[in-house]
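Protein chains in written order, with our numbering: chain B, 596 to 929; chain G, 596 to 929. Even for Gly, the Cβ is constructed at its ideal location relative to N, Cα and C.
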């Protein structure tokens with residue numbers, strides 16, 4: 596085929612694709628799983644005023660940064676953080692190589708099926724479980740472990756894959772923001788290496804746009820090839836005051852909009868809204884015991900107390916899962 | 596204007612823009628400042644084979660990651676790293692507030708104009724200068740200091756702005772890779788907060804795609820507003836073995852292609868090429884004493900010794916600035 600013909604075909608095809616894209620920009624409701632109400636209106640008003648060129652609140656595309664907490668904001672965090680359930684599964688897999696765990700807490704309780712007893716040891720117990728299951732292998736090995744687990748593990752209550760325990764309205768919100776030129780990031784207290792293997796497929800967020808807690812790494816050489824070994828030592832905790840720090844270190848810009856669900860997100864929302872120009876802060880309130888879980892001020896997981904008071908005082912958007920969301924999970928999409 | 600008419604106009608305009616974009620994909624040489632030769636050919640062959648859909652070396656767009664060292668790879672690093680020259684300028688600005696510096700090294704020598712004497716103190720002296728000039732203010736304040744400096748400071752030899760001391764062939768390479776779906780990152784030993792304020796404008800690389808060395812941060816509240824304070828404490832050194840670690844922590848994927856110029860980049864190039872599938876490693880060799888500087892095995896700045904030997908042994912692309920580059924700086928563009 597002559598180059599000129601090829602070129603004409605290529606141009607025609609590209610133009611057609613663009614035409615379709617342009618037409619779909621005028622398509623129906625971008626947030627179909629959100630009920631009409633104050634929350635949906637606040638989101639759409641914010642996007643319109645920051646993206647319309649003649650708006651006094653216009654934000655240049657390069658500065659449109661949106662950060663999302665993960666646990667409880669993008670996916671379910673009850674009855675326990677998924678990463679902790681992953682760690683518990685790993686303890687069972689690793690147990691045959693650790694006969695000493697039979698008499699050593701928190702592992703002994705865990706292997707007897709007594710999760711509550713294992714976690715009674717508090718932070719040190721959780722730390723021991725996390726370090727044992729998240730260190731001592733290369734980054735490539737850990738990536739494969741997580742990829743295999745997420746493909747096969749099931750949520751203890753719903754028996755569905757964890758990647759189906761994500762919130763359909765938030766998936767729509769991520770797409771809607773990206774379609775309007777926002778760069779979307781995860782900023783989570785969860786492990787950065789635990790989220791990256793599935794975040795792109797699940798949320799459309801590439802590995803370099805995932806910010807999270809991390810352990811230290813060491814460059815080593817095995818069989819003449821460089822490897823990165825995960826050390827049992829904390830590098831960074833991306834929670835509470837750590838979130839603005841993680842944002843600065845990874846993203847290097849203050850977000851235009853931030854989305855969370857608990858007191859762990861309070862500093863991220865404060866940091867975001869303290870910037871000049873139009874800013875947006877949103878909190879997902881878990882108030883739907885029927886379709887999901889209902890918890891807030893007194894919950895050990897995802898406690899929403901001080902951040903809720905601040906949201907009310909400052910006029911941040913507080914989403915009621917019960918009233919604002921038509922569907923919770925993708926499979927309920929109407 | 597009826598919505599339907601508006602829609603038609605919008606679609607027509609978008610299609611036209613797309614048509615122009617499609618046509619320009621067939622435009623002239625994307626690397627006009629590169630002489631025809633082995634280096635240019637190696638780059639273009641790599642890009643073709645990783646981006647043509649039916650190629651056995653095809654790399655999915657999501658995995659096209661290209662990392663670039665900064666000093667000596669994207670901009671000049673002689674007669675001294677620009678960030679050190681920035682720090683020396685800052686010492687002069689801050690001196691009136693520090694009368695004690697008159698008798699305290701390395702500041703005393705520095706204020707007498709004796710840069711060599713100041714740096715005779717080695718790493719501790721450089722550390723003292725960097726910490727004094729890069730900490731003790733908020734991230735917003737430091738951003739402004741760097742933005743003001745880069746807009747006004749002049750290179751000591753050429754008297755040109757530092758942002759004009761960038762390499763035209765590398766600017767073309769960055770654009771060429773991006774046009775072919777690669778996400779471009781800086782991975783530099785330089786300070787992350789020093790590079791971010793001007794990297795977007797100069798290189799087209801946004802703040803979140805800049806990886807570098809950093810100090811620790813602290814979230815504080817001043818006048819009821821959160822601020823991030825730069826502490827005089829090292830957080831991370833993104834050099835040598837630190838580069839693969841910085842890549843993993845920030846990018847979370849092994850690069851497809853990596854570009855450097857010194858032994859400080861060796862581990863990044865090794866890490867990149869140790870991945871499966873097609874990988875590309877390139878070293879810029881400073882061998883043009885007439886148009887730039889000539890230095891390699893014995894230079895204190897940008898020493899290229901072990902990485903050069905490895906490049907030759909492994910067949911990495913070694914660019915001769917003298918022979919491969921038609922122009923060095925943007926203003927010499929033919």
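Interface flag for residue 809 of chain B against chain G is set, since a Cβ pair is found closer than 8 Å. With a cutoff of 8 Å on beta-carbon distance, residue 680 of chain B and residue 690 of chain B are scored as not near each other.
With a cutoff of 8 Å on beta-carbon distance, residue 883 of chain G and residue 923 of chain G are scored as near each other. In summary, no residue of the region 738-758 of chain G has a CB separated from any CB of chain B by less than 8 Å. Annotation: residue 718 of chain B to residue 682 of chain B spans about 14 Å, alpha carbon to alpha carbon. At a beta-carbon threshold of 9 Å, the residues of chain B lying near residue 791 of chain G are 847, 848, ordered along the chain. In this structure, the beta-carbon distance from residue 851 of chain G to residue 638 of chain G does not fall below 8 Å. Scanning its chain for C-beta atoms nearer than 8 Å, with the 5 sequence neighbours on each side dropped, one finds around residue 765 of chain B the residues 663, 668, 669, 854, 879, in chain order. Spatial neighbours of residue 728 of chain B in its own chain (CB-CB distance under 6 Å, excluding positions within 5 residues in sequence) are listed in chain order as 682, 685.
Contact of residue 865 of chain B with chain G by beta-carbon distance below 8 Å involves 821. Between residue 759 of chain G and residue 722 of chain B, the alpha-carbon positions lie close to 50 Å from each other. G:633 is the residue among G:623, G:857, G:650, G:633 whose C-alpha sits nearest the C-alpha of residue 919 of chain G. For residue 762 of chain G, the closest of G:629, G:913, G:802, G:902 by C-alpha to C-alpha distance is G:629.
When the alpha-carbon of residue 647 of chain G is set against those of G:636, G:743, G:776, G:745, the nearest one is in G:776. Annotation: residue 826 of chain G has no Cβ neighbours in chain B at a cutoff of 7 Å; minimum Cβ distance is about 11 Å. In the DSSP assignment, residue 779 of chain B falls within the unbroken beta strand (DSSP E) covering 778-786. Per DSSP, reduced to three states, the secondary structure at residue 811 of chain G is strand.
If you draw a straight line from the Cα of residue 838 of chain B to the Cα of residue 898 of chain G, it is about 38 Å long. The Cβ neighbour count for residue 799 of chain G, taken over all protein chains shown within 10 Å, is under 16; the residue is labelled exposed.
DSSP, read as helix, strand or coil, puts residue 733 of chain B in strand. For residue 832 of chain G, same chain residues with a beta-carbon under 6 Å away, outside a window of 5 residues either side, are 808 in chain order.
The Cβ atoms of residue 864 of chain B and residue 912 of chain B lie no closer than 8 Å to each other. Look at the beta carbons and you see the region 738-755 of chain G touching the region 787-801 of chain G: at least three pairs across the two are nearer than 8 Å. Leaving aside the five residues that flank residue 907 of chain B on each side, the residues in its chain whose CB is nearer than 8 Å to its CB run, in chain order, 913.
Residue pairing from DSSP places residue 820 of chain B in a beta bridge opposite B:817. Within the region 700-768 of chain B, the alpha helix (DSSP H) runs of at least 4 residues that lie entirely inside it are, in chain order, 702-706, 710-714, 717-729, 734-747.
Buried is the label assigned to residue 673 of chain G, since at least 16 other Cβ atoms lie within 10 Å of its Cβ. When Cβ-Cβ separations below 8 Å define contact, residue 805 of chain B makes contact with chain G.
Residue 915 of chain B: member of the beta strand (DSSP E) spanning 912-915, first to last residue. Per DSSP, reduced to three states, the secondary structure at residue 902 of chain B is helical. For residue 877 of chain B, the uninterrupted beta strand (DSSP E) run begins and ends at 875-880, by DSSP. With 16 or more other Cβ atoms from the protein chains shown falling within 10 Å of its own Cβ, residue 782 of chain B counts as buried. Within chain B, the residues 843 have their CB atoms less than 7 Å from the CB of residue 734 of chain G, given in chain order.
For residue 840 of chain G, the uninterrupted alpha helix (DSSP H) run begins and ends at 837-845, by DSSP.
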